[in-house]
Every structure is written in C-alpha cells, then in structure tokens.
Amino acid sequence: MKLERCRDLFERALLLLRAVVAEASDEKRSFSLVEAYVQRHANSLVWLADDAKVLIDSGCFAAVPLIVRSMLESGFILAAAVNEPGFAGEKMLREVINFRRRISVHLENDPLLSEFEDLERRIREEANFSGSPRKLSVKETADIAKLDINYQFEYFLYSQHTHAEIGGLTARHFEESLPTRNLRTMAYVLTLAAAFTPQLLDTDTPQLHVDHAAIILGELVDALKEDRPNTGEA
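In this note's numbering, the protein residues as written are 131 to 364.
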C-alpha cells in the first residue's frame with residue numbers, strides 16, 4: 131500500500147476520533163470515574179497520533195513505533211471494554227492497586243497513598259466490585275478485545291522496537307516499508323477507537339461515527355493483510 135494512501139487513511143481516522151472525543155468531552159456532559167478512564171484512553175490516542183504526525187512530517191521515523199505500541203494497548207482496552215461489561219472498571223481498579231502498592235515502597239505515610247486508597251474505594255463502589263481484580267496481561271486484554279491476531283502480529287513487532295530487540299533494530303535500519311506500516315497501523319487503531327468509544331461514552335451522533343469508522347476500516351482491512359506472512363493456513 132502506498133505511503134500517501136496510508137497517510138490519507140491515517141488523517142481521516144484521526145479526524146474522526148478527534149470529533150468523537152470532542153463530542154464525548156462536551157462540557158455539558160459529566161463522566162463517572164470509569165467513563166473518565168475510557169475518555170482518557172481515547173483522548174490519549176488523539177494526542178499520541180498528533181505527536182506521531184509531527185515526527186512523520188519532520189522526516190523522523192525511528193521513534194514512531196514506540197508511540198504505535200502504546201496506541202495498540204489503548205485500542206485493546208477500548209475494544210475489551212465494549213466486549214466485556216465491567217472490564218474498564220476492573221482494569222482501572224487493578225491499575226490503581228498496582229500503582230499504590232509500588233509507590234508505597236518509596237512514599238510511606240505520604241498523603242498520596244491515602245488519595246489512591248480513596249480512589250480505589252470509589253471505583254469499587256461505582257463498579258460494584260468487591261473482589262480482587264484480575265491481573266490481566268496485554269495478551270489477555272487483546273483476547274477479550276477479540277484482537278488476538280493484532281497482538282500476535284502488530285503488537286509483537288512494535289514491542290521489538292520498545293525493547294530494542296533485534297526485530298526492531300533491523301526494521302529501523304532496513305525495512306523500507308516501516309513508515310507505511312506505522313501510518314497504516316495507527317489508522318487501524320484510531321478507526322477502531324472511533325467505532326468503540328461512542329459505544330462507551332455518550333456522543334451526539336454515535337451511529338454516524340460507527341458508520342464512518344466502518345467505511346475507513348473497510349479500506350484498511352486488505353492493506354493490513356499485506357504485511358502478514360502467508361502461513362499457508364486456510
């Protein structure tokens with residue numbers, strides 16, 4: 131798939147998600163804690179894509195895969211939140227517990243710990259969750275999201291960049307299609323987020339956003355298959 135075509139799809143997907151987030155974030159709407167968690171993931175995708183666009187437009191490409199990997203994780207979380215009611219609240223709760231436990235090692239008796247204990251209590255009340263939240267890996271989140279193929283392929287490849295492993299280093303030096311891959315993968319994540327976010331947050335025209343996302347996704351599906359190895363399986 132040509133670079134300019136990928137850029138067009140990326141920019142259309144970014145424009146769509148930006149509109150979704152703007153509608154969902156209208157000052158006349160109010161968020162619950164869990165809804166705020168969802169909104170921040172969607173909004174973070176817009177910000178990260180904007181940053182990636184600045185890098186790309188400046189001729190920089192080596193750091194973009196690091197951004198793409200983070201975007202994939204937010205995409206998995208939004209999709210999982212649609213597929214499994216209660217997922218977002220449980221995931222947020224687990225992250226708060228983990229964060230509080232880790233900082234307690236260095237900040238004993240710090241007021242911040244009390245704030246996170248209160249936040250944990252409020253999330254439990256809102257999500258009606260009394261047990262111990264699951265320790266979900268990125269792979270398990272992708273499975274719930276029904277995006278396991280994207281975990282196996284895109285997330286695996288972009289993790290090579292994040293961890294400075296041989297696959298990422300090789301791609302930076304020799305993969306001529308890396309800029310195209312980056313744009314295409316970001317367009318895919320942004321499109322999914324534009325379809326899933328209106329199912330999780332109130333917007334003015336949710337079905338219109340979903341329909342628009344379906345159009346962009348239809349143009350991306352075949353392109354996403356191009357980089358996948360042919361295993362010979364049916």
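All C-beta atoms in this analysis are idealised placements derived from N, C-alpha and C, irrespective of residue type, glycine included. Just so you know, these numbers come straight off a predicted model, no measurement behind them.
Grab the span of the alpha helix (DSSP H) containing residue i for me, first residue to last.
i: K269; result: V268 to A275
i: K158; result: Looking at the DSSP string, K158 is not in any alpha helix (DSSP H), and its letter there is neither H nor E.
i: K183; result: L163 to D187
i: Q329; result: L308 to L330
i: S289; result: F286 to T292
i: D138; result: L133 to A154
i: D248; result: P241 to A257
i: H303; result: I296 to F304
Beta-carbon separation of residue i and residue j under 8 angstroms?
i: E256; j: S160; result: no
i: L320; j: A143; result: yes
i: L310; j: L133; result: Sequence check: residue 310 is Thr here, not Leu. Going by C-beta atoms, T310 is nearer than 8 angstroms to L133.
i: D332; j: A154; result: yes
i: V151; j: V176; result: yes
i: C136; j: R252; result: no
i: Q329; j: V164; result: no
i: M316; j: V198; result: yes
i: I346; j: L146; result: yes
In whole angstroms, what is the alpha-carbon distance linking residue i and residue j?
i: E363; j: F246; result: Here E363 scores only 44 on pLDDT, less than 50, and its place in the model should not be relied on; the value that follows carries that caveat. Approximately 49 angstroms, taken between the alpha carbons.
i: P241; j: S234; result: 11 angstroms
i: R224; j: E270; result: 14 angstroms
i: A343; j: H291; result: 28 angstroms
i: F191; j: L185; result: 7 angstroms
i: D138; j: V340; result: 19 angstroms
i: G298; j: I207; result: 24 angstroms
i: A324; j: E284; result: 19 angstroms
i: R232; j: K265; result: 15 angstroms
i: L308; j: A294; result: 16 angstroms
i: G216; j: G189; result: 42 angstroms
i: V268; j: S204; result: 10 angstroms
i: N173; j: M201; result: 11 angstroms
i: S260; j: N228; result: 16 angstroms
i: E410; j: N312; result: In this structure the chain extends from 131 to 364, so residue 410 is not present and cannot be described.
i: L196; j: H171; result: 16 angstroms
i: L237; j: D248; result: 16 angstroms
i: V194; j: D273; result: 25 angstroms
i: A182; j: R254; result: 36 angstroms
i: E141; j: V351; result: 17 angstroms
i: S303; j: L287; result: For the record, residue 303 in the displayed sequence is His; it is not Ser. Each residue's alpha carbon lies about 14 angstroms from the other.
i: K221; j: A301; result: 33 angstroms
i: N239; j: R230; result: 12 angstroms
i: A166; j: K276; result: 23 angstroms
Taking DSSP as the reference, what is the three-state secondary structure of residue i?
i: R264; result: coil
i: V340; result: helix
i: V226; result: helix
i: G216; result: coil
i: L210; result: Correcting the residue identity first, residue 210 is Ala in this sequence and not Leu. Reduced to three states, the DSSP call for A210 is helix.
i: D278; result: helix
i: E238; result: coil
i: F191; result: coil
Of all the CB atoms in chain D, is at least one closer than 8 angstroms to the CB of residue i?
i: V212; result: The chain labelled as chain D is not found in the depicted structure, where only one protein chain is given.
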